[in-house]
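There are 2 protein chains.
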Amino acid sequence: MRQDYYDKIAPRGQLIVVSGPSGVGKRTVLRKYMAEHPRACHSVSATTRDPRPNEVDGVDYFFLSFEEFDRQIRTNQMLEYAYYNHHCYGTPKKGVEDARAAGRNVILEIEVNGAMQVKKLCPDATLVFIMPPSWKELERRLRERNTETEEAIQERLEIAKEEIAMADQYDYIIVNDTVEKAISRFAQIVHGHRYSINCMTEFLKTYIEGEIHAQERLAY
Amino acid sequence: MRQDYYDKIAPRGQLIVVSGPSGVGKRTVLRKYMAEHPRACHSVSATTRDPRPNEVDGVDYFFLSFEEFDRQIRTNQMLEYAYYNHHCYGTPKKGVEDARAAGRNVILEIEVNGAMQVKKLCPDATLVFIMPPSWKELERRLRERNTETEEAIQERLEIAKEEIAMADQYDYIIVNDTVEKAISRFAQIVHGHRYSINCMTEFLKTYIEGEIHAQERLAY
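Quick note, the sequences are listed as chains A and B, same order. Its first residue numbered 43, the first sequence is counted upward by one per residue in this note's numbering. Its first residue numbered 43, the second sequence is counted upward by one per residue in this note's numbering.
Quick look at the structure:
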C-alpha cells in the first residue's frame with residue numbers, strides 16, 4: 043500500500059456502517075468488496091446466543107454470558123447493541139478502535155437502530171444504506187432463498203418498509219441492481235468520504251493551529 | 043457514456059462548488075479534471091467589469107451593466123454574487139440549471155461567501171475546499187507567480203487565513219500536494235457524492251411513494 047498524504051494527516055481508518063433490508067444482498071456486496079479491498083475489514087460482534095456447530099469464539103462472534111454482555115454495556119464497551127430473538131447482539135468498541143488505529147477501514151453490517159447509535163457516538167462514521175432496485179425485486183430475492191415460510195417472508199417485508207423509512211438518516215444510498223455496480227458504488231463512497239469534513243475535523247484543527255497560528259506567533 | 047441505474051433515478055447533474063485560497067492551484071486542478079471528465083463543465087459567470095481584450099461575452103463572462111446585474115439579483119436570477127474591486131461578480135442560475143437538467147456536472151469556482159450562498163439555495167450542492175499542503179508552500183506558490191508586489195502577496199495571505207477558517211463549512215477538504223493526486227481525490231469525491239443523501243432525497247421520496255405506498259394500496 044503506497045503512502046498517501048492523507049495516510050499522514052488522517053492515519054486512522056474509516057468506520058463504515060452498512061444497513062439495508064433483509065434480502066437486499068448486503069452480505070454478498072460486502073464480502074466481495076472486502077475480498078478486493080484488503081484495507082477493509084469487518085469487526086467481530088458479540089452475542090449472548092449459543093455458538094452453532096463450527097462457530098469459533100472470537101472469529102464468528104464473541105460468545106458472552108448475559109451477565110458479561112450487560113457489564114460491557116454498563117461500562118461503555120459497546121459501540122451499539124440490540125436485543126433480537128431473546129438474545130443480545132452488539133459491537134465491542136475495542137476491536138473497532140484497534141483496527142482503525144492500525145489504519146484499517148472497519149465495516150459494520152448492522153440494522154438501523156444500531157446504526158443510529160453509532161452515528162451518535164462516532165460523528166466521523168460513514169452510514170450507507172443499501173436499497174433493492176424495486177419492491178418486487180426484494181420480494182423475489184427473499185422468495186428465491188426458498189428457506190422461509192410465506193409468513194416469515196411477509197414479516198421481513200414489513201420490517202423492510204420500516205427500515206427503508208429510515209434511509210434518509212444515512213449519509214449515502216446505494217441501489218443494489220447488480221452486485222458489481224453496487225460494489226463499485228460502495229468503493230467510490232468509501233474513497234470520497236475519506237475527504238469529508240467529518241473525517242477531516244482533527245486535521246483542520248491541527249492545520250490551523252500548527253500552520254497558521256504558529257506562523258502568526260513567529261510574526262510577533 | 044453508458045447509462046447507469048442512477049442516470050434514470052437521479053438524472054440531474056451534480057453541482058460542485060470549489061473554493062480555496064489564491065495560489066493553491068484550484069484552476070489547474072479543475073481545468074485538468076474537466077479535460078478528463080467531459081460530463082463536467084463550468085458555468086459562465088456574470089460581471090459588471092469591462093471585457094479585457096480577447097474576452098468574449100457569453101464565453102469568458104456575461105458582461106452586464108450595473109443596472110442589469112442589479113435587476114437580475116432582485117429577480118432571483120443569481121445563484122450567488124459578490125462585490126469585489128468595485129465590480130459585481132455572480133453566477134446566473136439559468137446556466138447552472140440548464141446544464142444540470144442535461145445531466146452535466148456543473149463546477150463553480152467561487153470564493154467562500156458565494157459558496158455559503160449556494161449552500162443555502164442548493165442543499166444538494168457538493169462543497170469542496172482546496173488547501174495548500176502547508177503555509178510555507180502557499181507562500182512559495184504565490185511568490186513563484188512573480189507577478190505581484192510583496193504587499194499584494196501579504197494581502198492574499200491574510201485573505202487565505204480567513205478563507206481557511208471557513209473550511210469547516212465545506213463538505214470535503216482536498217489537500218493539493220500534487221496536482222495529479224488532487225485531481226484523483228476530486229474525482230473520487232464527485233463520484234461518491236452522487237450517492238449522498240442530499241443528492242438522493244427526490245429518489246427516496248419517489249421510491250417510498252411509488253414502490254411501497256403503491257404496494258400498500260394494492261393490498262387493500
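By construction, the Cβ of each residue, glycine as well, lies at the ideal position given by its N, Cα and C atoms.
Neighbour-count burial assignment, residue i, 16 or more Cβ in a 10 Å radius
i: residue 68/A; result: buried
i: residue 64/A; result: buried
i: residue 72/B; result: buried
i: residue 107/A; result: exposed
i: residue 140/A; result: exposed
i: residue 242/B; result: buried
i: residue 133/A; result: buried
i: residue 96/A; result: exposed
i: residue 142/B; result: buried
i: residue 127/B; result: exposed
i: residue 188/A; result: exposed
i: residue 196/A; result: exposed
i: residue 205/A; result: buried
i: residue 98/B; result: exposed
Option in the options with minimal Cα separation from residue i
i: residue 91/A; options: 100/A, 99/A, 105/A; result: 105/A
i: residue 210/B; options: 176/A, 237/A, 215/A; result: 237/A
i: residue 152/B; options: 167/B, 122/B, 140/B; result: 122/B
i: residue 54/B; options: 255/B, 254/B, 240/B, 251/B; result: 240/B
i: residue 218/B; options: 171/B, 243/B, 192/B; result: 171/B
i: residue 48/B; options: 254/A, 224/A, 74/A; result: 224/A
i: residue 103/A; options: 96/A, 113/A, 88/A, 125/A; result: 88/A
i: residue 62/A; options: 113/A, 159/A, 155/A; result: 155/A
i: residue 234/B; options: 144/B, 70/B, 168/B; result: 168/B
i: residue 214/A; options: 50/A, 58/A, 162/A; result: 58/A
i: residue 56/A; options: 66/A, 77/A, 85/A, 202/A; result: 85/A
i: residue 222/B; options: 78/B, 196/B, 45/B; result: 78/B
i: residue 198/A; options: 133/A, 120/A, 66/A; result: 66/A
i: residue 51/A; options: 220/A, 244/A, 115/A; result: 244/A
i: residue 46/A; options: 114/B, 101/B, 227/B; result: 227/B
i: residue 114/B; options: 146/B, 131/B, 99/B, 98/B; result: 131/B
i: residue 232/B; options: 117/B, 191/B, 166/B, 187/B; result: 166/B
i: residue 157/A; options: 124/A, 146/A, 185/A; result: 124/A
i: residue 177/A; options: 220/B, 70/B, 251/B, 93/B; result: 251/B
i: residue 253/B; options: 173/A, 183/A, 190/A, 216/A; result: 173/A
i: residue 75/B; options: 256/B, 248/B, 230/B; result: 230/B
Contacts that residue i makes with chain A (C-beta to C-beta distance below 8 angstroms)
i: residue 176/B; result: 253
i: residue 47/B; result: 175, 217, 219, 223
Within chain B, the residues that residue i reaches when beta carbons sit closer than 7 angstroms
i: residue 242/A; result: 215
i: residue 238/A; result: 213, 214
i: residue 234/A; result: 230, 231, 233, 234, 235
i: residue 203/A; result: 254
i: residue 227/A; result: 237
Under 9 angstroms from the C-beta of residue i: neighbouring residues of chain A
i: residue 81/B; result: Per Cβ cutoff of 9 angstroms: no residues; residue 81/B is ~14 angstroms from chain A at best.
Rounded Cβ spacing between residue i and residue j (contact assumed at less than 8 angstroms)
i: residue 202/A; j: residue 180/A; result: 6 angstroms
i: residue 150/A; j: residue 60/A; result: 7 angstroms
i: residue 136/B; j: residue 119/B; result: 7 angstroms
i: residue 146/B; j: residue 83/B; result: 5 angstroms
Chain B contact residues for residue i, given Cβ-Cβ distances below 9 angstroms
i: residue 54/A; result: In chain order: nothing, as chain B lies at least about 15 angstroms away.
i: residue 246/A; result: 173, 206, 209, 210, 215
Partners in chain B for residue i, counting only beta-carbon separations shorter than 8 angstroms
i: residue 250/A; result: 206, 207
i: residue 51/A; result: 217
8 angstroms Cβ cutoff, residue i in contact with chain D
i: residue 206/A; result: Of the chains in the structure shown, none is chain D; the protein chains are A and B.
Alpha helix (DSSP H) segments (min. 4 residues) lying fully within the stretch 145–178 of chain A
Scanning the stretch 145–178 of chain A for uninterrupted alpha helix (DSSP H) segments of 4 residues or longer gives 154–163, listed from N- to C-terminal end.
What residue ranges within the stretch 191–256 of chain A form continuous beta strand (DSSP E) runs of no fewer than 3 residues, ordered along the chain?
Entirely contained in the stretch 191–256 of chain A, the beta strand (DSSP E) runs reaching 3 residues are, in chain order, 214–217.
Mind pulling the alpha helix (DSSP H) runs of 4 or more residues that sit fully within the stretch 93–118 of chain A?
Correct list: 108–116.
What residue ranges within the stretch 50–90 of chain B form continuous beta strand (DSSP E) runs of no fewer than 3 residues, ordered along the chain?
As summarised for the stretch 50–90 of chain B, the continuous beta strand (DSSP E) elements at least 3 residues long and confined to that stretch are 57–61, 82–84, given in chain order.
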